[in-house]
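Protein chains in written order, with full-length UniProt numbering: chain C, 1 to 740; chain P, 1 to 161.
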């Protein structure tokens, strides 16, 4: 329809009646917006409209030209060359025109025409020095002569300033413009101030010095009663911050945070946190500011912010004492702020002994005496507080465990508290309580290793991850190599992933549910790829866990890495699962019902036993190996190799039944990492007589493509029926001789 | 460009709407509901500009009516305030001390006047006198037509008697 009517409208642009002409002009705008190709047809008629005397037609003609310039570059060029001078003249006439009652609005002749002309001049002058030059005079005149006590005058000034800011550089005019904006800023009228703040945001890009001069006024606007103005002012302040003024600005903003509205607090907190993070000159100042923000607006602080804070804290090792004492103090007064409680509880757990021992006192600190039981008190209060959510209380439990190791005198009391939560109705708390209790009571020897100090988190990688540059998704279906941004990144990342990947290929054992098998073995929830930093944090710890489980190193290395993985991931279930797995080393083999994961982990601990008892074996012959042993079953591997084929190993697995009952439906399954190839021959039988009266043998062939670089590792699962009940046992074989 | 014009009473009743951008019927009701809520709840001392969905809405309160116009981000808000005032002054001149009742009973005339001031979301005429003259001309046409109609019907009535 637009195309059909375009010629008609074009003709009407030259009609004798001015009313028709002006309507035709606006109609043309609509047509040109709909069908940009037709723009060329309208250029000439539009240019002739610019010479009109009738204000209505002139107005609409100018608008048509403006839109044509925006749509077509050709039009822009044409108007720039031909019409700029004419327009400047028109503006001059209008600005200087005497009083005309018809067009007068509060003392100014036709402000609408002024504004439209300024807009068109802006479009024409942008990017073109000549055009800009020709406008300078008239712009200066308008900027200085226009009265600004009425809205019409202010509208013209606003448009004028906008034009000056957009066209090519002219120092004098710019100064004029910024002065006008400054005047606007201090006006009483909210509208004017709003408009000024808007304009200043654009001006900052061009001349930030000038805008800095008005910093104080802008700060006042942040505290204004009008919500729109507050929002604009806050954004402007954010743009104004640089290294020199960050301290004073932040102080002002934090003071305001206390008295601001709840709706505004969220925005304000976010802005303060990002300012502090980007511009903090030194760590202690950053931490101080966050310590001020957390008690005031902790509930509005986003997860990524306090994660970053913790990263910084772990890196500032000389400030640990100071930090933990300040947090302790804050916690006394503001125990309701979620984030504050989380950070404080974590720090107290980590650096508890510094808190009590007053270690690392800084000059400006007042000494405080905190006894061990005080520290435990504080955490217990937090955990009992019902307004805090689950993650926080889980973190408290974790902190209590750490403290039970660091403060041996309070260990019993902590244990009592934890026992109390064994009956909690919340699954997460109950699970943690049971596991931690178990550690405290039965595993005294490894407890201190478990809750050792966290390793320093690597800031660079953490901030990179936050920027979304490092995909931290572990997805078993892709088996993509994982970039583990962790200060303790182990070189064994590949096997981890490969093992996971195994679910889709190389499980050569006759297993239909290979994937589930592996998942169960790890017993760790691997959530689908989520790109949130908070989620990443949790995932990272999850994969650390897996990583450490499979790290091919000495048993000693394994236990310290266990420590790391346990104390990482405060909000993560996987440490809990691992602890679960550490649970009962001498527990009975699992029956059908209990989760498969726990049984695997019991056996994992068992795996520690034989590992430490098997002597380091570097001989050229390959002794047989007890790959797996439980109270009901023993698996022995005998190795042999073909000469000249070092990569392939022949293994004969022998299964012996230690219990007084015979096993039937005996099935052996194995899984290996990607660099190994496994081939299982059929077993000699699938009935295993009782009490070692016979055995089943099964041959395996292993081909190691990384022979010499990586040694063998294998996870095994054995299923059998005993007294018509199905049993499943799982384990990992880490103790292959190195040179296999 | 101006995307739409809304006139809303203090009680939330819509007196006049004019749309210069395509909005479906459902969208229109949604927009009206949202904006009414937002604007009617604003205090008196606050500034006349609201940011909404990426657009700016400029509103001004005259007695019991809120005049709202929705514009693009880069338009001049103060100019739009002037346009609103321009519209109100013309209405005032035409109706003589216009009040909300006038607009309720003569809404068609209000629409005619608006059409003389804005087309396609842009200002058409900055002179109040011209607009007044045009509306007067239109009114006289209406009168003429009415007379015509009445005479013809008279004739028919007489003819068919």
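Built from N, CA and C at the ideal position, the CB exists for glycine as well.
Predicted model, so just to flag it, every value in this text is computed and none were measured.
Query raised in the report: Per DSSP, residue 752 (chain C) is paired with what?
Result: Any property of residue 752 (chain C) remains undetermined from this structure, which presents chain C solely from 1 to 740.
Query raised in the report: In whole angstroms, what separates the C-alpha of residue 119 (chain C) from that of residue 21 (chain P)?
Result: 22 Å
**Report entry** Residue interval of the alpha helix (DSSP H) (run including residue 34 (chain C))
**Finding:** 18 to 34
Requested in this report: Just the chain C side, please: which residues come within less than 7 Å of residue 129 (chain P) by C-beta, in chain order?
Outcome: 102
Requested in this report: For residue 117 (chain P), decide whether its Cβ has a neighbour in chain C, counting only Cβ atoms nearer than 7 Å.
Outcome: no
Query - Where residue 55 (chain C) meets chain P, residues with beta-carbon distance less than 9 Å - result: 125, 126, 127 and 130
Requested in this report: Mind listing the chain C neighbours of residue 77 (chain P)? Cutoff is C-beta to C-beta under 7 Å, in chain order.
Outcome: 195
Query raised in the report: So, are the CB atoms of residue 254 (chain C) and residue 237 (chain C) less than 7 Å apart?
Result: no
Requested in this report: For residue 415 (chain C), collect the residues of the same chain with a Cβ closer than 6 Å to its Cβ; drop the 5 residues on either side in sequence, then sort them by chain order.
Outcome: 440
Query - Simplified DSSP assignment, three categories, for residue 69 (chain P) - result: strand
Report task. Indicate whether residue 222 (chain C) and residue 210 (chain C) have their beta-carbon atoms separated by less than 7 Å. Result -> no
Query raised in the report: Which one of C:225, C:215, C:200 and C:280 has the shortest CA to CA distance from residue 247 (chain C)?
Result: C:280
Query raised in the report: Thinking C-alpha only, which one of C:25, C:283 and C:353 is nearest residue 123 (chain P)?
Result: C:25
**Report entry** Euclidean distance between Cα positions of residue 436 (chain C) and residue 355 (chain C)
**Finding:** 23 Å
Query raised in the report: Using a beta-carbon distance cut-off of less than 7 Å, what residues from the stretch 153 to 185 of chain C approach chain P?
Result: 154, 155, 158 and 159
Requested in this report: Check the Cβ of residue 111 (chain C) against every Cβ in chain P and list those closer than 9 Å, keeping chain order.
Outcome: 79, 82 and 126
Query - Cβ pair count under 8 Å reaching 3, the stretch 652 to 660 of chain C against the stretch 681 to 690 of chain C - result: yes
Query raised in the report: Taking the C-alpha atoms as reference points, what is the distance between residue 13 (chain P) and residue 136 (chain P)?
Result: 29 Å
Report task. Taking only beta-carbon positions, decide if residue 47 (chain P) is within less than 7 Å of chain C. Result -> yes
Query - Nearest candidate by alpha-carbon position, reference residue 33 (chain C), set P:128, P:83 and P:1 - result: P:1
Query raised in the report: Of all the residues that make up the stretch 24 to 57 of chain C, which are near chain P by a beta-carbon distance shorter than 8 Å?
Result: 26, 27, 29, 30, 55 and 56
Report task. May I ask you to list, following chain order, the residues of the stretch 134 to 161 of chain P that have a beta carbon less than 7 Å from some beta carbon of chain C? Result -> 134
Query - Where residue 244 (chain C) falls, given that 16 or more other Cβ within 10 Å makes a residue buried - result: exposed
Query raised in the report: Should the stretch 399 to 408 of chain C be called in touch with the stretch 445 to 460 of chain C, which here means at least 3 C-beta pairs below 8 Å?
Result: yes
Query raised in the report: What runs of the alpha helix (DSSP H), each 4 residues or longer, lie entirely inside the stretch 102 to 184 of chain C?
Result: 111 to 125, 129 to 145 and 151 to 166
Query raised in the report: Got a sec: which bits of the stretch 57 to 89 of chain C sit with their beta carbon under 7 Å from any beta carbon on chain P, in order along the chain?
Result: 59, 60 and 63
Query raised in the report: Is residue 725 (chain C) helix, strand or coil when you go by DSSP?
Result: strand
Query raised in the report: Which value, in whole angstroms, describes the spacing of the CA atoms of residue 302 (chain C) and residue 308 (chain C)?
Result: 10 Å
Requested in this report: Kindly indicate the opening and closing residues of the beta strand (DSSP E) around residue 696 (chain C).
Outcome: 695 to 704
Report task. Mind the definition here: the stretch 337 to 348 of chain C touches the stretch 310 to 329 of chain C only if three or more C-beta pairs lie below 8 Å; say whether that holds. Result -> yes
Report task. Using only alpha-carbon positions, find the residue among C:179, C:150 and C:164 that is nearest to residue 189 (chain C). Result -> C:150
Query - Sequence-distant residues of its chain with Cβ nearer than 6 Å to residue 57 (chain P) (five each side left out) - result: 50, 68 and 70
Query raised in the report: Do you know how far the Cα of residue 631 (chain C) is from the Cα of residue 419 (chain C)?
Result: 30 Å
Report task. Compute the Euclidean distance between the alpha carbons of residue 390 (chain C) and residue 350 (chain C), then round it to the nearest angstrom. Result -> 20 Å
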